[in-house]
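S.K.: Numbering (the numbering used here), first residue to last: 19 to 267.
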Ligand code: PGA
């Protein structure tokens, strides 16, 4: 269960959150509870993450270092003991021109430094309404995973995030989400001839909240959630994590 805070929370607010969730999350052998926070508070959160929470970044540059003003390097993240990174979120694709090629470069780089990438894919409303959902997902997944071998591919987490459901309060139905996550899982299995493809973790994201989390998590192809708005309140994040465990076990 990964929270994506986006550009929210001051340092004080981030610290309040971390103290509030500390002892209330499911044990890590049952669930990976992850908070993906703005870069400036990552170190503070890592120091206080406790036994059952992991901290992720929301983006990174694909280079180790260099003249890239304003960017954060993968080595800066690993040296801060961050363990996850969101890659290719639709907001980054839309507002910062993040292309499929960049998403692929960043995914490869993340794997090479030992970060777990959470790679986001998903269709627009227009693409869904014109029956292009699966073509779009296939193209995005193939491009994101280009040149990644079967050993590494099982370390990648893919998040299915239909753009029309992000921040809109419009959740995909649990059947739509399950169908798309199942499609992604099947595609990766086919591409890599893996029986192990069930080991690929596929998340659903888009207006997940404390009311719909159980229904979504009950679906066989949905392994977890990538949650924006509802991850900002400590109390709700705790509920999301514990409800996911209650449904999955
Ligand atoms: P949301 O965002 O839960 O606020 O819809 C999800 C995301 O963008 O990852």
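Glycine residues also receive a C-beta, built at the ideal position from the N, C-alpha and C atoms.
Report the option in 114, 207, 67 and 251 whose CA atom is closest to the CA atom of residue 217.
M.R.: Looking up residue 217 in the chain shown gives position 199. Of the listed residues, the one whose Cα sits closest to residue 217 is 207.
S.K.: Hey, how far is the Cα of residue 72 from the Cα of residue 66?
M.R.: Within the chain shown, numbered from 1, the residue matching residue 72 stands at position 54. Within the chain shown, numbered from 1, the residue matching residue 66 stands at position 48. The alpha-carbon atoms of residue 72 and residue 66 are separated by roughly 10 Å.
S.K.: Counting only the same chain and skipping the five closest in sequence on each side, list residues whose C-beta sits under 6 Å from that of residue 90.
M.R.: The residue given as residue 90 occupies position 72 in the chain shown. Closer than 6 Å at Cβ, skipping near neighbours: 57 and 78.
S.K.: Can you tell me whether residue 229 is buried or exposed, with buried defined as 16 or more other CB within 10 angstroms of its CB?
M.R.: Counted from its first residue, the chain shown places residue 229 at position 211. That one is exposed.
S.K.: Please name the residue, chosen from 259, 267 and 265, that lies closest to residue 70 on a Cα-to-Cα basis.
M.R.: As a working mapping, residue 70 is identified with position 52 in the chain shown. For residue 70, the nearest C-alpha among the options comes from 259.
S.K.: Beta-carbon within less than 7 Å of residue 170's beta-carbon, same chain only, minus the 5 sequence neighbours each way: which residues are those?
M.R.: Residue numbering aside, residue 170 sits at position 152 when the chain shown is read from its first letter. If we look at residue 170 and ignore the five residues flanking it on each side, its Cβ neighbours are 129.
S.K.: Compute the beta-carbon to beta-carbon distance between residue 141 and residue 151, rounded to the nearest angstrom, for a pair I have assumed lies under 8 Å.
M.R.: Mapped onto the chain shown, residue 141 falls at position 123. Mapped onto the chain shown, residue 151 falls at position 133. That belief holds up - the Cβ atoms of residue 141 and residue 151 are roughly 5 Å apart, short of 8 Å.
S.K.: How would you label residue 146, buried or exposed, when you count the other beta carbons within 10 angstroms and need 16 or more for buried?
M.R.: If you number the chain shown from 1, residue 146 lands on position 128. Looking at its Cβ environment, which holds 16 or more other Cβ atoms inside 10 Å, residue 146 is buried.
S.K.: Beta carbon of residue 262, beta carbon of residue 242: below 8 Å?
M.R.: As a position in the chain shown, residue 262 is number 244, starting the count at 1. As a position in the chain shown, residue 242 is number 224, starting the count at 1. The answer is yes: Cβ separation under 8 Å.
S.K.: Taking a contact to mean a Cβ-Cβ separation below 8 Å, would you say residue 76 touches residue 118 in this structure?
M.R.: By 1-based counting over the chain shown, the position of residue 76 is 58. By 1-based counting over the chain shown, the position of residue 118 is 100. Cβ atoms of residue 76 and residue 118: not closer than 8 Å.
S.K.: Would the beta-carbon of residue 22 be found less than 7 Å away from any heavy atom of the ligand PGA?
M.R.: Numbered from 1 along the chain shown, position 4 holds the residue referred to as residue 22. Yes.
S.K.: Does the beta carbon of residue 22 sit closer than 8 Å to a beta carbon anywhere in chain D?
M.R.: Within the model displayed, chain D is absent; a lone protein chain is all it includes.
S.K.: From the DSSP output, in three-state form, read off residue 51 for me.
M.R.: The residue you call residue 51 lines up with position 33 of the chain shown. Residue state, collapsed to three classes: strand.
S.K.: Please indicate yes or no: does the CB of residue 231 lie closer than 7 Å to some heavy atom of the ligand PGA?
M.R.: Your numbering for residue 231 matches position 213 in the chain shown. Every heavy atom of the ligand PGA is 7 Å or more from the Cβ of residue 231, so no.
S.K.: Cα separation between residue 190 and residue 29?
M.R.: On the chain shown, residue 190 is found 172 positions in, with the first residue counted as 1. On the chain shown, residue 29 is found 11 positions in, with the first residue counted as 1. Whole-angstrom Cα-Cα distance: 33 Å.
S.K.: When DSSP labels each residue in this structure, what does residue 134 get in the three-state scheme?
M.R.: For this step, residue 134 is matched to residue 116 along the chain shown. Reduced to three states, the DSSP call for residue 134 is strand.
S.K.: With respect to the beta strand (DSSP E) encompassing residue 230, which residues constitute its N-terminal and C-terminal limits?
M.R.: By one-based count along the chain shown, residue 230 stands at place 212. Careful: residue 230 lies outside any beta strand (DSSP E) and carries neither H nor E.
S.K.: If you draw a straight line from the alpha carbon of residue 227 to that of residue 204, how long is it in whole angstroms?
M.R.: Against the chain shown, residue 227 aligns to sequence position 209. Against the chain shown, residue 204 aligns to sequence position 186. Each residue's alpha carbon lies about 27 Å from the other.
S.K.: If we count the other Cβ atoms within 10 Å of its Cβ and call it buried at 16 or more, is residue 213 buried or exposed?
M.R.: Counting from 1 along the chain shown, the entry for residue 213 is found at position 195. Exposed is the call here.
S.K.: What does DSSP give as the partner residues of residue 71 in its beta bridges?
M.R.: Walking along the chain shown from the start, residue 71 turns up at place 53. 51, per the DSSP bridge assignment.
S.K.: Looking at residue 179 and residue 249, is the spacing between their C-beta atoms short of 8 Å?
M.R.: Locating residue 249 in the chain shown gives position 231, where the first residue counts as 1. Locating residue 179 in the chain shown gives position 161, where the first residue counts as 1. No, Cβ-Cβ distance for residue 249 and residue 179 is not below 8 Å.
S.K.: Can you look up residue 244 in the DSSP assignment and give me helix, strand or coil?
M.R.: Here residue 244 corresponds to residue number 226 of the chain shown, with the count starting at 1. Residue state, collapsed to three classes: strand.
S.K.: Please identify the residue among 196, 131, 181 and 175 whose C-alpha is closest to the C-alpha of residue 154.
M.R.: Numbered from 1 along the chain shown, position 136 holds the residue referred to as residue 154. Nearest option by C-alpha distance: 181.
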